[in-house]
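Protein chains: 2
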Amino acid sequence: MSRPAGLAGDPLEFAVMTEISIIAHLADNAFARRLPDGLTTAQFAVLNHLLRLETQQTIGELARALQVSQPTMSSTVKKLEEKRLVTLVPDPDDRRIRRVSVSPAGTKARNKAVKALDATKSEPAVLSQKEWKQLLPLLNRLRVSLDSAR
Amino acid sequence: MSRPAGLAGDPLEFAVMTEISIIAHLADNAFARRLPDGLTTAQFAVLNHLLRLETQQTIGELARALQVSQPTMSSTVKKLEEKRLVTLVPDPDDRRIRRVSVSPAGTKARNKAVKALDATKSEPAVLSQKEWKQLLPLLNRLRVSLDSAR
DNA sequence: AGATTTTATATAGATATCTATATATCATCA
DNA sequence: TGATGATATATAGATATCTATATAAAATCT
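The listed protein sequences derive, respectively, from chains B and P.
This note's numbering numbers the first residue of the first sequence as 1 and each following residue consecutively.
This note's numbering numbers the first residue of the second sequence as 1001 and each following residue consecutively.
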């Protein structure tokens, strides 16, 4: 089993994990502030996930994909349904299941959100393209390792 | 003003920010699970912050240092006080202020927590020392930039 | 086929966080 | 010095999340 790295001890690992925690926090806030139509980060994530993959998924599948508990995803999906941004499609072969399907209004809301977020692209980049590229594989290994250590 | 990077658009930046968000989430959970005595991450952070700096701070100072709202810090400090892990020292010159001071029990609890977290150090490291070192300055610049863009 | 186990989702209750606002105290300035 | 503005903290109310558990349907097993 791989190590849940940087939990304590080594000051270097600790410092990295601290930066990651703060960055996630700040980015999530910045992200949420820019989302239109009272969309929350969690709600946007569901719409974006389903539209990127061009698919419909059950609440359980969404919960696992987006790393939240199943009741949390039930709640997020219910909010989206109340806003008519998704519909719940019953499965004819399994009456326990309803698949989450993004509605036209949901597609529109997500595209509007992406546009609003894209507006920040005109601002100067913090890191060079090369540096972003450098970060990705390291963070990916770290994430996979933490994930498998759960 | 620097850019709240990776909010959308560029797939590379988006991927990096996604990894960071998931890593923070997983690490926070792993961290919380290992903390003894019903300490939460937020409570541990306060104890660790004050003990590392060997100081006492007001609720406002703690809120700014640990990047949470003032009412959140009020609540965290109240919990710590109820557990007798900190005491609130009144300022003789300013009766609005009480400084948070870690009690002997608080020091003990934090040291016990650090030891429990350190136990994970025996497990194999995910990234090499060199890779951790590579990550830190990049993440640091990203954090500073996001912070100043708030 | 009926009983048992597994799976998908919902509900209940707890907690941590946020924003908005109230309260108390201090600082400033006319 | 008294009014006004600023600062430190507390309180209220809302939301998002979690764990534990209930419910319903499907799958399995004897």
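No residue lacks a Cβ here, since even glycine has one placed at the ideal position from N, Cα and C.
These numbers come from a predicted model, not from an experiment.
Distance between residue j and residue i (C-alpha atoms, nearest Å)
{"i": "Ser1122(P)", "j": "Arg1096(P)", "result": "At Ser1122(P), the pLDDT of 48 sits below 50, so the modelled position is not reliable; the number obtained from the coordinates is stated separately. Rounded to the nearest angstrom, the two C-alpha atoms are 47 Å apart."}
{"i": "Arg1143(P)", "j": "Thr18(B)", "result": "10 Å"}
{"i": "Trp132(B)", "j": "Ile1023(P)", "result": "16 Å"}
{"i": "Leu1066(P)", "j": "Val89(B)", "result": "44 Å"}
{"i": "Ser103(B)", "j": "Leu138(B)", "result": "37 Å"}
{"i": "Leu1026(P)", "j": "Val1016(P)", "result": "15 Å"}
{"i": "Gln57(B)", "j": "Ala63(B)", "result": "10 Å"}
{"i": "Ala8(B)", "j": "Ala1113(P)", "result": "Residue confidence is low: Ala8(B) scores 45 on pLDDT, short of 50, so the model does not pin down where it sits. Its coordinate-derived value is still stated next. The alpha-carbon atoms of Ala8(B) and Ala1113(P) are separated by roughly 9 Å."}
{"i": "Ser74(B)", "j": "Leu1053(P)", "result": "43 Å"}
{"i": "Ser156(B)", "j": "Phe1014(P)", "result": "This structure cannot settle anything about residue 156(B), because the visible part of chain B is limited to 1 through 150."}
{"i": "Thr76(B)", "j": "His1049(P)", "result": "34 Å"}
{"i": "Gln1070(P)", "j": "Asp91(B)", "result": "47 Å"}
{"i": "Lys1130(P)", "j": "Lys130(B)", "result": "18 Å"}
{"i": "Thr1055(P)", "j": "Glu82(B)", "result": "49 Å"}
Selection from the options that minimises the alpha carbon distance to residue i
{"i": "Ser21(B)", "options": "Val1068(P), Val1086(P), Thr1076(P)", "result": "Val1068(P)"}
{"i": "Asp1118(P)", "options": "Glu1082(P), Leu1035(P), Leu1039(P), Pro1011(P)", "result": "Leu1035(P)"}
{"i": "Ala105(B)", "options": "Val86(B), Asn140(B), Asp93(B)", "result": "Val86(B)"}
{"i": "Leu1141(P)", "options": "Ala30(B), Asn140(B), Leu135(B)", "result": "According to the sequence displayed, residue 1141(P) carries Arg and not Leu. The shortest Cα separation from Arg1141(P) among Ala30(B), Asn140(B), Leu135(B) belongs to Leu135(B)."}
{"i": "Leu146(B)", "options": "Ser1145(P), Val1126(P), Ser1075(P)", "result": "Val1126(P)"}
{"i": "Glu1061(P)", "options": "Arg1033(P), Pro1092(P), Arg1098(P)", "result": "Arg1098(P)"}
{"i": "Arg84(B)", "options": "Pro71(B), Pro11(B), Leu47(B)", "result": "Leu47(B)"}
{"i": "Ala149(B)", "options": "Phe1031(P), Phe1014(P), Thr1041(P), Glu1013(P)", "result": "Phe1031(P)"}
{"i": "Asn1111(P)", "options": "Val1100(P), Glu1081(P), Ala1045(P)", "result": "Ala1045(P)"}
{"i": "Ala161(B)", "options": "Arg33(B), Asp28(B), Leu12(B), Glu13(B)", "result": "The first residue shown for chain B is 1 and the last is 150, placing residue 161(B) beyond what the model contains."}
{"i": "Leu1080(P)", "options": "Leu1012(P), Ala1042(P), Glu1054(P)", "result": "Ala1042(P)"}
{"i": "Gly1038(P)", "options": "Ala1109(P), Asp1094(P), Pro1092(P), Leu1012(P)", "result": "Ala1109(P)"}
{"i": "Leu51(B)", "options": "Lys130(B), Thr107(B), Ser128(B)", "result": "Thr107(B)"}
Below-8 Å beta-carbon distance, residue i vs any chain B residue
{"i": "Leu1007(P)", "result": "Any reading at Leu1007(P) must be qualified, since the residue scores a pLDDT of 44, below 50, and its modelled position is unreliable; the value itself is stated next. True, the Cβ-Cβ gap to chain B drops below 8 Å."}
{"i": "Leu1050(P)", "result": "no"}
{"i": "Ala1149(P)", "result": "yes"}
{"i": "Gln1070(P)", "result": "no"}
{"i": "Leu1146(P)", "result": "yes"}
{"i": "Gln1057(P)", "result": "no"}
Any C-beta of chain P under 8 Å from that of residue i
{"i": "Ser21(B)", "result": "yes"}
{"i": "Gln134(B)", "result": "yes"}
Partner residues on chain B for residue i, Cβ-Cβ distance less than 8 Å
{"i": "Met1073(P)", "result": "Within chain B, no residue comes near Met1073(P); the closest Cβ sits about 14 Å away, beyond 8 Å."}
Cross-chain neighbours of residue i in chain P, by beta carbon under 8 Å
{"i": "Arg143(B)", "result": "Glu1019, Ile1022, Ile1023, Leu1026"}
{"i": "Val16(B)", "result": "Trp1132, Leu1135, Leu1136, Leu1139"}
{"i": "Gln43(B)", "result": "Those do not exist, as Gln43(B) stays about 15 Å from chain P at its closest Cβ, beyond 8 Å."}
Amino acids of chain P, ordered along the chain, whose beta-carbon sits closer than 7 Å to that of residue i
{"i": "Glu13(B)", "result": "Trp1132"}
Contact set between residue i and chain P, taken where Cβ atoms lie within less than 9 Å
{"i": "Ala32(B)", "result": "The premise fails here: Ala32(B) is roughly 10 Å from chain P at the closest Cβ pair, so nothing lies under 9 Å."}
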